[in-house]
Each structure stands twice: as structure tokens, then as C-alpha cells.
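Engineer: To start, I am sharing the structure in question, which I have written as C-alpha cells.
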Amino acid sequence: MRVLAWSEECGHPDPSLITQPNILRFLANFELAQTRKHVLKALSLILQRAVMLGWRTDNPARGIRIKVPVSKAAIWEQSDVDCYVTAARETGFESIARIILLEWEIGQRLTDVRAFRAGVGYDPAAGVFSFLQSKTGASVTLEVSPALREQLAEASAAGRDGFLFFDEITGKTYSQHRLAKVFGRVRTRAVEAGAKPLILRQLRHSCVVQLARAGCTVPEIGAITGHTLGSVNSILGVYLPRDSAVARNAQIKRGLIARTEIQQAFEVAASDTETEGRTSPAAADMAVRAGP
Numbered sequence: 003m004r005v006l007a008w009s010e011e012c013g014h015p016d017p018s019l020i021t022q023p024n025i026l027r028f029l030a031n032f033e034l035a036q037t038r039k040h041v042l043k044a045l046s047l048i049l050q051r052a053v054m055l056g057w058r059t060d061n062p063a064r065g066i067r068i069k070v071p072v073s074k075a076a077i078w079e080q081s082d083v084d085c086y087v088t089a090a091r092e093t094g095f096e097s098i099a100r101i102i103l104l105e106w107e108i109g110q111r112l113t114d115v116r117a118f119r120a121g122v123g124y125d126p127a128a129g130v131f132s133f134l135q136s137k138t139g140a141s142v143t144l145e146v147s148p149a150l151r152e153q154l155a156e157a158s159a160a161g162r163d164g165f166l167f168f169d170e171i172t173g174k175t176y177s178q179h180r181l182a183k184v185f186g187r188v189r190t191r192a193v194e195a196g197a198k199p200l201i202l203r204q205l206r207h208s209c210v211v212q213l214a215r216a217g218c219t220v221p222e223i224g225a226i227t228g229h230t231l232g233s234v235n236s237i238l239g240v241y242l243p244r245d246s247a248v249a250r251n252a253q254i255k256r257g258l259i260a261r262t263e264i265q266q267a268f269e270v271a272a273s274d275t276e277t278e279g280r281t282s283p284a285a286a287d288m289a290v291r292a293g294p
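Going by our numbering, the first residue of the sequence shown is number 3, and it counts up by one from there.
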């Protein structure tokens, strides 16, 4: 849109006369490197089209490189979840609070989360999600904690057409754009209360980190979040190179330091459910709390 606005303002300049210095001067109007990179990509596509049509023989946008600063990896911690859930409820968006809590437990793609429906992919009576991931087609079956099950039961009762998450203002299910906008309001409230400015989609990676802190293996993590083994390793490579909780777990496994009461309780709960072939919600909750 910015490229089109610029073109109209300049009287739609002849693409055959645009030079690389022209492009560099235009890009200088944008403060953010990420914005300059997106605009350059749009210009490159337009100019490449001009080459295909025979209007010019070269693409002056080619060869221009824009260095985008690598953003610092940021993940959610339990304190962040608590703060954002409170902010969501204070701003009247219980749906956002529930999405945050669900993502913290099972770490699914927001595209799938927005489409969750009671009776279709989610069994309210059992508190079990069973669905095919929209991107990979992977089959995922997950049981949530009793506390979250209770909240999802309330959402199921109040939902529209069985959808678990809907906009309290519009009464409709969330589009990607609307979810980002509403979460932005929640984030503003949370930051005012002293929270870090976090991104909702980072909750999925944060779930991976919490599972690793709890001592879960890469296959176990992938079975919960639906990530491939390679993706799990990539996420952990970014977020966990020097994680203190993981280091502590390693020292515990070596027998160098004592387990905490929470970790001991988790081991008991986990062993009690091994015969059932799955981890209970209570054990999973203890696992997450045991890490930090």
C-alpha cells in the first residue's frame, strides 16, 4: 500500500527510468529496517514484472541488502502468564485469558486454537483435545488440567456454534487480525502493570521451553506441541543455550543436588499414571512448575 501511495503521489513514474539510487532514497523514508525490507521486496517484485514485460532489462532492486537487527529471544514465564491473564480479565476479554492459559499448557498454533470447538476437536467431558494440525496434518491428542477444563466448560456453554474462543465485543470468532488487535489492548494493560511487552504467538515456543525445563525429551515435547523433532531442537537451540532451570535439572539427574518437593511429587504422580499410557494433567502441571 505504501508503494502504491508513493507511486500515485509521484504521478506513477516510468518503471524503466527507476534507478538504484532512486530506490535507496525512497527506502530512507522508512525508519524501521524491517519495514524497509518489506518495501524493497514489493518494489523488487514490481520491477521484475517490468523486466518480464520487456520494459527494462535489469532490476535495480536486486543487489540491495537491508540488515535487520536480530531481536532478542523472549519467552513467557509463569509470572508473565499470571500478569497477562489478569490484564485480559480486567479489560473484559476472558477469551484472551483462556487462550493464554491453553497455549501455556499445550502450545498449539493460534490458527488451530481459534478454530477449536466443543464436540469438534475438543471433548468437554473428558477435557481432551483430539485434532489434526492445520499446517502439518499431524494428529494430536492432549488432555488438559482440571482447572483449565473447568474454564473451557464455561467457554463451551457461552460459545457461539460451539467455538471455545470468541470476541466479547463482536460476538464472533477471532480472525487473525482481530486477535492481534485485542491482544494488543491486553498487552498495553499488562505493560502498564509492569509486565514485559510479549507476543502471543511466543507462547507456543514458551511451552516447548517449559516442557524441556521439566525434563521432557524432544519426542515427548513434539508429541504435545505437534512440532517436528527438528523444530523442537531449533527452538531449544535459540531459547535454551544457557537456561538455569535446565542446568539445575541436569545437576539433579547427576545426583549432585537434591530434588525439590515439587519434583518429587511429580515423579510419584508420573509413575502412578504410567500404566495408563499417558501423563495426567496434575503430573503435567507439576512438571511445568518443577522446572523454574
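For every residue, glycine included, the Cβ atom is placed at its ideal position computed from N, Cα and C.
All figures in this text were calculated on a predicted structure; none of them were measured in a lab.
(1) Using only the alpha-carbon positions, how far apart do SER97 and GLU194 sit?
(2) Can you give me the Cβ contacts of LEU134 inside the same chain, cut-off strictly under 8 Å, excluding the 5 residues immediately before and after it?
(3) Go through its chain and collect everything with a Cβ distance to GLY217's Cβ below 6 Å, but skip five positions before and after it.
(4) Can the beta-carbon of GLY164 be found less than 8 Å from the beta-carbon of ALA117?
(5) With C-beta atoms as the reference, is ILE25 less than 8 Å away from PRO62?
(6) Using C-beta distances below 6 Å, list every residue in its chain close to ALA90, excluding the 5 sequence neighbours before and after it, in chain order.
(7) Based on the DSSP secondary-structure assignment, which residues constitute the bridge partners of ASP125?
(8) Just to confirm, is the Cβ distance from LEU181 to ALA76 under 8 Å?
(9) Taking 7 Å as the limit between beta carbons, can you name the residues of its chain near HIS207, skipping five residues before and five after?
(10) Residues in its own chain within less than 7 Å of GLN253 by CB, not counting five upstream and five downstream?
(11) When the Cα atoms are used, what is the spatial distance from CYS12 to LEU45?
(12) Please report the straight-line C-alpha distance between GLY232 and VAL122, rounded to a whole angstrom.
(13) Starting from SER97, trace the alpha helix (DSSP H) in both directions and tell me its first and last residue.
(14) Give a yes or no on whether the C-beta atoms belonging to SER18 and ARG58 are separated by under 8 Å.
(15) By a C-beta neighbour count over all protein chains shown, 10 Å radius and 16 as the cutoff for buried, is THR21 buried or exposed?
(16) Whole angstroms are fine: how far does the CA of LEU205 sit from the CA of PHE185?
(17) Excluding the five sequence neighbours on either side, which residues of its own chain have a C-beta within less than 6 Å of the C-beta of SER136, listed in chain order?
(18) Taking only the alpha-carbon atoms, compute the straight-line gap between GLN80 and THR219 and give it to the nearest angstrom.
(19) Roughly how many angstroms lie between the CA atoms of PHE167 and GLY224, to the nearest whole one?
(20) Do LEU144 and ILE226 have their CB atoms nearer than 8 Å?
(21) How many whole angstroms separate the CB atoms of ILE68 and ALA30, which I take to be in contact at a CB cut-off of 8 Å?
(22) Determine the direct distance from the alpha carbon of LEU150 to that of ALA127, and round the result to whole angstroms.
(23) Within the same chain, show all residues whose beta-carbon is closer than 7 Å to that of THR230, passing over the 5 residues directly before and after it, in chain order.
(24) Need the endpoints of the alpha helix (DSSP H) that VAL142 sits in, please.
(25) If we ignore side chains and look at the alpha-carbon of each, how far apart do TYR176 and ASP169 end up?
(26) Can you give the beta carbon distance from GLU107 to SER158, rounded, assuming they're within the 8 Å contact cut?
(27) GLY129 to ARG191, Cα distance in whole Å?
(28) Between LEU154, ASP60, ILE66, VAL53, which has its C-alpha nearest LEU104's C-alpha?
(29) Could you tell me which of GLU222, VAL211, VAL83, ASN235 sits nearest to SER246, measuring between CA atoms?
(30) Verify whether the separation of the beta carbon atoms of LYS198 and ASP82 is less than 8 Å.
Structural biologist: Result, derived from the coordinates:
(1) Near 20 Å, if we compare the C-alpha coordinates of GLU194 and SER97.
(2) So the list reads ALA140, SER141, VAL142, once near-sequence residues are dropped.
(3) For GLY217, same chain residues with a beta-carbon under 6 Å away, outside a window of 5 residues either side, are ASN251 in chain order.
(4) Against a cut-off of 8 Å, the Cβ pair of ALA117 and GLY164 comes out as no contact.
(5) Yes, they are a contact pair.
(6) The answer, listed in chain order, is ILE98, ALA99, VAL188.
(7) Under DSSP, ASP125 forms a beta bridge with VAL130.
(8) Taking the C-beta atoms as reference points, ALA76 is found no nearer than 8 Å to LEU181.
(9) If we look at HIS207 and ignore the five residues flanking it on each side, its Cβ neighbours are ILE77, ILE237, TYR241.
(10) A distance below 7 Å between beta-carbons, with the five flanking residues on each side excluded, links GLN253 to the following residues of its chain, in chain order: ILE259.
(11) So the alpha carbons of these two residues sit roughly 15 Å apart.
(12) Each residue's alpha carbon lies about 29 Å from the other.
(13) Looking at the DSSP string, the run of the alpha helix (DSSP H) that includes SER97 is 96-108.
(14) Contact: yes.
(15) Of the other Cβ atoms in all chains shown, fewer than 16 fall within 10 Å of the Cβ of THR21; this residue is therefore exposed.
(16) Per the coordinates, the alpha-carbon of PHE185 lies some 13 Å from the alpha-carbon of LEU205.
(17) Taken in chain order, the residues that qualify are THR113, ASP114.
(18) Roughly 21 Å between the two C-alpha positions.
(19) Distance from the CA atom of PHE167 to the CA atom of GLY224, rounded to whole angstroms, is 24 Å.
(20) In contact: LEU144 and ILE226 (Cβ atoms closer than 8 Å).
(21) Their Cβ separation, rounded to whole angstroms, is 11 Å, which puts ILE68 and ALA30 out of contact at 8 Å.
(22) The C-alpha of ALA127 lies about 12 Å from the C-alpha of LEU150.
(23) Closer than 7 Å at Cβ, skipping near neighbours: GLY224.
(24) VAL142 -> not in any alpha helix (DSSP H); beta strand (DSSP E) instead, spanning 141-145.
(25) Going from the Cα of TYR176 to the Cα of ASP169 covers about 6 Å.
(26) Taking 8 Å as the upper bound for CB-CB distance, GLU107 and SER158 are not in contact here, some 17 Å apart.
(27) Taking the straight line from one Cα to the other gives about 31 Å.
(28) Of the listed residues, the one whose Cα sits closest to LEU104 is LEU154.
(29) The shortest C-alpha separation from SER246 is found at VAL211.
(30) Taking the C-beta atoms as reference points, ASP82 is found nearer than 8 Å to LYS198.
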